[in-house]
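Remarks on the structure that follows.
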Amino acid sequence: MFILTVIKLLLIALNIFPSRFTNRRIMFLIYMTNLVTHVMMDEPRFAQPIPNVTVAVGRDANLPCVVEHLGGYKVAWIHIDRQMILTIHRHVISRIPRYSITYTDNTWLLHVNQAHQDDRGYYMCQVNTNPMISQVGYLQVVVPPNILDIESTPSSVAVRENQNINMTCRADGFPAPKIIWRREDGEEIAVEKKKKVLVYDGDVLPLTKVSRNEMGAYLCIATNGVPPSVSKRIILDVEFSPMIWVPNQLVGAPSGTDVTIDCHTEAHPKAIIYWVYNSVMVLPSKKYKTDYTENSYRAHMKLTIRNLQYGDFGNYRCISKNSLGETEGSIRVYEIPLPSTPSKQVTHTTVESRENNIIPSSRNDTTKSMQTDVGYAIRNDLYPGSASSSSAGPGGSSSAASSSSTSMQTSALPGGGGAPGNSLSSLGGSSKGSLAIGKSMFYTERPPNEYASSVADLVPQRALLSCSLLLGSGVFMVLL
Numbered sequence: 197m198f199i200l201t202v203i204k205l206l207l208i209a210l211n212i213f214p215s216r217f218t219n220r221r222i223m224f225l226i227y228m229t230n231l232v233t234h235v236m237m238d239e240p241r242f243a244q245p246i247p248n249v250t251v252a253v254g255r256d257a258n259l260p261c262v263v264e265h266l267g268g269y270k271v272a273w274i275h276i277d278r279q280m281i282l283t284i285h286r287h288v289i290s291r292i293p294r295y296s297i298t299y300t301d302n303t304w305l306l307h308v309n310q311a312h313q314d315d316r317g318y319y320m321c322q323v324n325t326n327p328m329i330s331q332v333g334y335l336q337v338v339v340p341p342n343i344l345d346i347e348s349t350p351s352s353v354a355v356r357e358n359q360n361i362n363m364t365c366r367a368d369g370f371p372a373p374k375i376i377w378r379r380e381d382g383e384e385i386a387v388e389k390k391k392k393v394l395v396y397d398g399d400v401l402p403l404t405k406v407s408r409n410e411m412g413a414y415l416c417i418a419t420n421g422v423p424p425s426v427s428k429r430i431i432l433d434v435e436f437s438p439m440i441w442v443p444n445q446l447v448g449a450p451s452g453t454d455v456t457i458d459c460h461t462e463a464h465p466k467a468i469i470y471w472v473y474n475s476v477m478v479l480p481s482k483k484y485k486t487d488y489t490e491n492s493y494r495a496h497m498k499l500t501i502r503n504l505q506y507g508d509f510g511n512y513r514c515i516s517k518n519s520l521g522e523t524e525g526s527i528r529v530y531e532i533p534l535p536s537t538p539s540k541q542v543t544h545t546t547v548e549s550r551e552n553n554i555i556p557s558s559r560n561d562t563t564k565s566m567q568t569d570v571g572y573a574i575r576n577d578l579y580p581g582s583a584s585s586s587s588a589g590p591g592g593s594s595s596a597a598s599s600s601s602t603s604m605q606t607s608a609l610p611g612g613g614g615a616p617g618n619s620l621s622s623l624g625g626s627s628k629g630s631l632a633i634g635k636s637m638f639y640t641e642r643p644p645n646e647y648a649s650s651v652a653d654l655v656p657q658r659a660l661l662s663c664s665l666l667l668g669s670g671v672f673m674v675l676l
């Protein structure tokens, strides 16, 4: 009776009673009747909406549906995307065993165990009232990134130097992953006409005119905000024929000493490196010691020759050979005289090579030393007995520095020319002034005064002797 009274009041309020009826007004009348009935009779209603849930693939997810005043009605869960009824009340209808249902305190909880990507979508919680009431929630299943090896560049790739190459890295996941590239050693990547960057974004890494400096390991990293991120290591090999650089093309050493020669080589693929002397490969022995140090595509090869003898002097070749070519460097080992003074250290004379320009490194020192010795020999020959004198007058003894500074030219002798019977041939005889190359001597700047005066008494001042010795050109002039 109460319901009819309410309906009559509604009809009067709408001013449609007892006038004409239309379909639109009839539907509105039914809706209002149900609304009033639900309010007056405590019909079922949803206490809160279904939340959207995000879960990683393989993890468990729960979707809650809270219904108040359910009474004798039933609750059902439906997967809208699949158009599949999952549960009705406390019974699981779906044949997928990963779905289950629990009920506690007006909450109907749908469990999705070990979620798959197919489980992603909209889920409806429905109550079988008349008319039916329902609400919808969304289950998001995310997938961490995964690199697709079959669509990516292999883990090792080779390219000839100065050629182009594109390295590819593909990955899937949900959301779609982002791909970045970087070098494992932290160096910059040369892209887009040699523009250098530390990190490059994109599935494809373009490298143009690659050089040997770009050889190494590259990392392709895929990330989409779902842990963990994944990466792939791709090794880029840049192939080129061997190259050799020889620091010292000429090496001098005295007999009986040890000498070490070396070469630097670059090659990829890895080269075979060895030494050759007199067309025979040099092998490690008591005579020879070989040492090889490798770093990536670079190699440093050393050869030590022990106890140099006459047959050890000559040309030694360092050879580098790989599948793309062969090259060699030549080093000449020559003999230098052994100094006669034990206190003097034996030093090897080397000639530096810079772009095939040979620059003697010890020629000036040797020349000065020889000039000093010969200058002393001339003085000793022209002034017998002066070798025993070590004083330079009141100023004290002369030093090796003053000796070296005056050895380039012999000054005119005081008081006239040399005594009869004395000649420069004593330089090649038993004169004390004839010394080995590299030995320096002390001599007086001028002979003793008493000896100079006696010479002046014996020989008139008829000539002026001047000597110029140029060892570099091999010219020795004596002017009388």
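If you're matching positions, the sequence shown starts at 197 in this note's numbering and goes up one per residue. Using N, Cα and C, we set each Cβ at its ideal position, and we do this for glycine too. Computed from a predicted model, the values in this text were never measured in an experiment.
CB of residue i within 8 Å of CB of residue j, strictly
i: P438; j: T461; result: yes
i: V422; j: P340; result: yes
i: E239; j: T298; result: no
i: R429; j: A418; result: no
i: E410; j: A386; result: yes
i: I276; j: M320; result: yes
i: N362; j: P424; result: no
i: L266; j: T283; result: no
i: E384; j: K392; result: yes
i: Y506; j: A495; result: no
i: E388; j: L415; result: no
i: L504; j: G452; result: yes
i: S352; j: I431; result: yes
i: I469; j: Y512; result: no
i: I501; j: V472; result: no
i: W304; j: C365; result: no
Close beta carbons around residue i, own chain, < 7 Å, minus the five adjacent residues each side
i: N560; result: Interpretation of N560 is limited by its pLDDT of 40, a score under 50 that renders its predicted location unreliable; the figure taken from the coordinates is listed afterwards. Excluding positions up to five away in sequence, the list is empty.
i: G589; result: Its pLDDT being 38, under 50, G589 is placed unreliably by the model, and nothing is read from it.
i: G398; result: I375
i: H285; result: K270, V271
DSSP beta-bridge partners of residue i
i: T298; result: L305
i: S330; result: Q322
i: K374; result: T419
i: N409; result: The partner list for N409 (beta bridge, DSSP) is empty, contrary to what the question assumes.
i: E522; result: K517
i: Y459; result: Note that residue 459 is Cys in the sequence shown, not Tyr. Partner(s): M497.
i: L335; result: V249, G317
i: N160; result: Outside the displayed span of the chain (197 to 676) sits residue 160, for which this structure offers no information.
i: Y414; result: R379, I430
i: D368; result: N342
i: E531; result: A449
i: Y512; result: Y473, I527
Residues near residue i by beta carbon distance below 8 Å, same chain, minus five either side
i: Q310; result: G254, R255, D256, R294
i: V249; result: A257, N258, L259, G333, Y334, L335, Q336
i: I329; result: P240, R241, F242, Q322, V323
i: R408; result: E357, V434, F436, E462, H464, Y493
i: N474; result: G510
i: V288; result: L282, Y295, S296, I297
i: Y396; result: I376, W377, R378, I385, V387
i: S427; result: I343, L415, C416, I417, A418
Residues near residue i in its chain [Cβ-Cβ closer than 6 Å; skip 5 each side]
i: L520; result: S437
i: E435; result: A354, R356, H464
i: G525; result: I440, V442, C459, C514
i: N420; result: P341, G369, P371, P373
i: M477; result: Y470
Cβ neighbour criterion (16 or more within 10 Å) applied to residue i
i: I527; result: buried
i: M246; result: With the sequence shown as reference, residue 246 is identified as Ile, and Met is not the correct amino acid for it. The residue in question, I246, is buried, as its Cβ has 16 or more Cβ neighbours within 10 Å.
i: L344; result: exposed
i: P327; result: exposed
i: N360; result: exposed
i: D315; result: buried
i: N518; result: buried
Residue i - containing beta strand (DSSP E), residue span
i: F436; result: 426–441
i: Q445; result: 444–449
i: Y470; result: 468–473
i: Y484; result: 484–491
i: P260; result: 257–264
i: R494; result: 494–501
i: A311; result: Counting along the chain, A311 falls outside any beta strand (DSSP E), and DSSP gives it neither H nor E.
i: A354; result: 352–356
i: L403; result: 400–403
i: T453; result: That residue, T453, is in no beta strand (DSSP E); it is neither H nor E in DSSP.
i: K392; result: 391–393
i: H275; result: 271–275
i: V693; result: Since the first residue shown for the chain is 197 and the last is 676, residue 693 is missing from the structure and cannot be characterised.
i: L282; result: 280–284
Residue i beta carbon near the ligand COA (any heavy atom closer than 7 Å)
i: D301; result: Among the ligands in the structure shown, none appear at all, so the ligand COA cannot be discussed.
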